[in-house]
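Heads up: the structure comes next, in structure tokens.
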Amino acid sequence: MATHVDDFRPLPIAEGYHRLVEGPLATHDEAPTPWHLALTERIDTGRSWELPVVLAHRAVARGARLSDVTEADTVIWATGAVDAALAPAGEARYLAEKLAHSAPSLDVAGPRAHFLVAVDAPDGALVAEAARRIGGTAHTFSTFEDIERMLDAVIGSRTPAPANPPAGKGEVRTAKPAAILIRAAVLAALAAAIAFGVSILGEETGTGERLAAMIRMEQLTAPTREACIDAVLSGGALTARRLPLDEPVLEIPATPATCALRFVTLGATPVTVRFDDRLQDTLIAADAPVGRAITVVNGSHYTLVFRASPAGRTTGLTLGAGGREERRTLAFGAEDR
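If you use this note's numbering, the sequence shown corresponds to residues 162 to 498, in order.
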């Protein structure tokens, strides 16, 4: 699916994204389900989002963690369409306009960030100028293999990590995930240009680490239930309160303004989230992990949205990673009067 960040309604490009993931990307050993593309700004038309999305998928397949440009080791700014073989198609247009629109977001990148400009434009001088303006390196592509070679050079190949990596080496590749959240930093008005951050993961989470320490759970609220629903529908900001996952039974205050629970991964290892069916009638079903697991990968989050207050309800939560599971009981308190 493809949505605005923290919104459950599909964007106009959702069908095209589904075809891309279920078709060409699925032929390159990527898990077919479930993928979630979440963008910080809308893309309604065009195909210029395809190349940056392919780059992001292939970066994650190499063990990279997607992040905001303010936190990234490498910032990839890309625009362009792809064909059925994932080769760049057509010609990237409006580069100057897109880069100007992106400038405010790119300006806040971390001081150690390395910039890449990746497009399919045949005009090398224009691309080089675009890269120069942000202090980056230009890359143009003709084939999917060009894309793979560039990512191998920037991130590394998909060689499996050793069972016992040498001390101090620090670079460990994780298995390919089953879900993805791409936080696009900037989008142009005329056609899509996406900038996203990439950081190489330092260490695989140890097998002895508690699963509850690998993911953060937050309660999202608003002043009123109406404001809560409005924020969910529009992708607006909600107040977040971290909830501890340490105890077997978690007491959660509940009010009519309780909007959702948000799960955020804290390390390199994907974590699965699954609920039993006791809250089913309070949820906006969509892709809710009721009776089935949804995977939250590194650098992403999943939001479980309520259509009615869960006050006074109880449900079971199962967290999973690396073949292990931990169970919690969530008990929502009665509504405050």
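Quick reminder that beta carbons are idealized off the backbone N, C-alpha and C, glycines included.
Computed from a predicted model, the values in this text were never measured in an experiment.
Rounded to the nearest angstrom, how far is the Cβ of S470 from that of T419, given a contact under 8 Å? Taking the sequence shown and counting its residues from 1, one reaches residue 470 at position 309. Taking the sequence shown and counting its residues from 1, one reaches residue 419 at position 258. Right, the Cβ-Cβ distance comes to about 6 Å (below 8 Å), so this counts as a contact.
Output needed for T443: all residues of its chain with C-beta closer than 6 Å, excluding positions within five of it in sequence on either side, in chain order. By one-based count along the sequence shown, residue 443 stands at place 282. Same-chain partners within the cutoff: F467, A469, P471.
Can you tell me whether DSSP reads G477 as helix, strand or coil? Residue numbering aside, residue 477 sits at position 316 when the sequence shown is read from its first letter. It is a strand residue.
Note down the Cα distance separating I316 from D229, rounded to an integer number of angstroms. Position 155 of the sequence shown, counted from the start, is the residue given in the question as residue 316. Position 68 of the sequence shown, counted from the start, is the residue given in the question as residue 229. Approximately 17 Å, taken between the alpha carbons.
With distance defined between alpha-carbon atoms, name the residue in R371, L491, S461, E412 nearest to F436. Taking the sequence shown and counting its residues from 1, the one referred to as residue 436 is at position 275. The option with the nearest alpha carbon to F436 is L491.
Excluding sequence positions up to five away, which residues of its chain have a Cβ less than 7 Å from the Cβ of L404? Here the question's residue 404 lines up with position 243 in the sequence shown. So the qualifying residues of the chain are M378, E379, Q380, L411, I413.
Distance, I390 Cα to A239 Cα: Locating residue 239 in the sequence shown gives position 78, counting from the first residue. Locating residue 390 in the sequence shown gives position 229, counting from the first residue. Distance between the alpha carbons of A239 and I390: 34 Å.
Cut-off 6 Å between Cβ atoms - residues of its own chain near T433, not counting five sequence neighbours on either side: Translated into the one-based positions of the sequence shown, residue 433 becomes position 272. Around T433: A454, T456, G481.
Residue closest to T301, alpha-carbon to alpha-carbon, out of G241, D313, R294, P265: To locate residue 301, count along the sequence shown from 1; it is residue 140. Minimum Cα distance to T301 is reached at G241.
Please go through the same chain and pick out, in chain order, the residues whose beta-carbon is closer than 6 Å to the beta-carbon of R254, but skip the five residues on each side of it. Numbered from its first residue, the sequence shown carries residue 254 at position 93. The answer is none, since no qualifying residue turns up.
Once you ignore the five residues that flank A495 on each side, which residues in its own chain have a CB closer than 8 Å to its CB? Taking the sequence shown and counting its residues from 1, one reaches residue 495 at position 334. Hits under 8 Å: A415, A472, G473.
Run through DSSP, which three-state label would T235 get? Numbered from 1 along the sequence shown, position 74 holds the residue referred to as residue 235. In this structure, T235 counts as strand in the three-state DSSP scheme.
Alpha carbon to alpha carbon, how far is G477 from T298? Give it in angstroms, no decimals. Counting from 1 along the sequence shown, the entry for residue 298 is found at position 137. Counting from 1 along the sequence shown, the entry for residue 477 is found at position 316. C-alpha separation (whole angstroms): 49 Å.
Less than 8 Å between the CB atoms is what I'm expecting for P173 and T201, so what's the real figure, rounded? Taking the first residue of the sequence shown as position 1, residue 173 is located at position 12. Taking the first residue of the sequence shown as position 1, residue 201 is located at position 40. At roughly 16 Å, the Cβ-Cβ gap does not stay under 8 Å, so P173 and T201 are not in contact.
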